[in-house]
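Before any comments, here is the structure.
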DNA sequence: CCAATCAATAACCATCGAGTTATCAATCAA
DNA sequence: TTGATTGATAACTCGATGGTTATTGATTGG
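Protein chains in written order, with the numbering used here: chain U, 8 to 114; chain Y, 8 to 114.
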């Protein structure tokens with residue numbers, strides 16, 4: 008599971024990659040050519056980025072004739088959401104502990 | 008704001024750094040020495056990582072004599088939460104659009 | 001069948017980033 | 001005051017990563 012976090016965070020750490028994912032979330036299914044047209048990098052670069060996103064489970068692809076369509080899998084963001092709420096949870100629980108402590112000291 | 012995302016994602020992309028932040032969330036205030044004791048890297052490495060986390064707003068520090076205490080600022084995770092829910096939101100809204108379209112076609 | 005298009009791969013290059021050791025400034029204890 | 005400790009900085013190394021161009025394999029249109 009920490010491995011999952013690693014792959015996810017690293018995949019999203021690159022701005023070009025995040026832009027690709029955002030576009031797929033926003034506009035849905037896209038061919039590599041369409042994605043390349045908007046991206047500020049070459050087609051091979053786009054393909055490589057899509058490969059990284061695929062490894063992280065953030066996108067899926069299907070072949071249609073000679074073109075490949077990619078689509079976002081936002082469900083793959085779940086571990087990221089879990090992690091952030093866990094961090095916030097730790098924080099709050101420590102805060103609660105402090106409150107408990109103060110309450111007890113008050114008695 | 009995209010710059011904020013960049014700094015945040017990049018700060019959290021490194022496992023050592025994430026481990027430091029997790030520990031600060033879990034256990035609260037820690038000195039650099041205490042953090043170094045648990046980390047699997049040298050003290051200068053820990054200091055550098057803390058510097059990156061600080062740039063991202065994820066930690067704060069205060070001096071106490073000759074030691075420095077670091078603490079987590081989980082509030083800095085807000086843009087990350089916003090981003091993920093926005094991505095999920097795009098997804099659902101596209102799904103709704105599709106439903107609308109299908110409903111209209113049905114008439 | 002041939003030319004053209006699409007996307008993935010190969011090969012390469014430059015930069016960045018995480019790690020190290022050495023050192024310095026500041027603080028404290030003796 | 002001196003010696004030890006704490007943490008930040010400097011200087012460096014090295015591997016990972018993101019970018020490029022060239023090429024190849026598939027597929028389609030004429």
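Just so you know, even glycine gets a beta-carbon here, dropped at the ideal spot from N, CA and C.
None of these values were measured; they are calculated from a predicted model.
**Prompt:** What does a CB cutoff of less than 7 Å around residue 81 of chain Y pick up in its chain, not counting 5 residues either side in sequence?
**Reply:** 32, listed in sequence order.
Residue 60 of chain U beta carbon less than 9 Å from that of residue 24 of chain U
The beta carbons of residue 24 of chain U and residue 60 of chain U sit closer together than 9 Å.
- Output yes if chain U places a C-beta closer than 9 Å to the C-beta of residue 25 of chain Y; else output no. Residue 25 of chain Y counts as touching chain U.
Quiz item: Does the region 28-44 of chain Y come within contact of the region 41-48 of chain U, defined as at least 3 CB pairs closer than 8 Å?
Solution: Counting Cβ pairs under 8 Å, fewer than three are found: no touch.
Item to complete: Below 8 Å on the Cβ atoms is my guess for residue 67 of chain U versus residue 20 of chain Y; work out the distance and round it to an integer in Å.
Response: About 23 Å; that fails the 8 Å criterion.
| query | In chain order, what residues of the same chain have a beta carbon less than 7 Å from the beta carbon of residue 50 of chain U, not counting five sequence neighbours either side? | reply | Contacts found: 39 and 43.
Q) Beta-carbon separation of residue 88 of chain U and residue 11 of chain Y under 9 Å? A) 9 Å or more divides the Cβ of residue 88 of chain U from the Cβ of residue 11 of chain Y.
- prompt: Which whole runs of the alpha helix (DSSP H) in the region 11-65 of chain Y are 4 residues long or more, in chain order?
  reply: Secondary structure within the region 11-65 of chain Y: the alpha helix (DSSP H) runs of 4 or more consecutive residues, fully enclosed, are 22-34, 39-45 and 50-62 (chain order).
DSSP state of residue 74 of chain U mapped onto helix, strand, coil: Residue 74 of chain U falls in the strand class under three-state DSSP.
Straight-line Cα distance separating residue 55 of chain U from residue 64 of chain Y
Residue 64 of chain Y and residue 55 of chain U: Cα-Cα distance of roughly 31 Å.
| query | In the region 71-92 of chain U, which residues sit with their C-beta less than 8 Å from some C-beta in chain Y, listed in chain order? | reply | Listed in chain order, the positions of the region 71-92 of chain U with a beta carbon within less than 8 Å of a beta carbon of chain Y are 79, 81, 84, 87, 88 and 91.
*Integer Cβ distance of residue 115 of chain U from residue 9 of chain Y, believed to fall under 8 Å*: Residue 115 of chain U lies beyond the range of chain U shown here (8 to 114); nothing can be said about it.
Using only alpha-carbon positions, find the residue among Y/79, Y/98 and Y/96 that is nearest to residue 97 of chain U.
For residue 97 of chain U, the nearest C-alpha among the options comes from Y/79.
| request: Grab me the residues of residue 57 of chain Y's own chain with a C-beta within less than 8 Å of its C-beta, minus the 5 sequence neighbours each way, in chain order. | output: If we look at residue 57 of chain Y and ignore the five residues flanking it on each side, its Cβ neighbours are 27, 39, 42, 66, 68 and 77.
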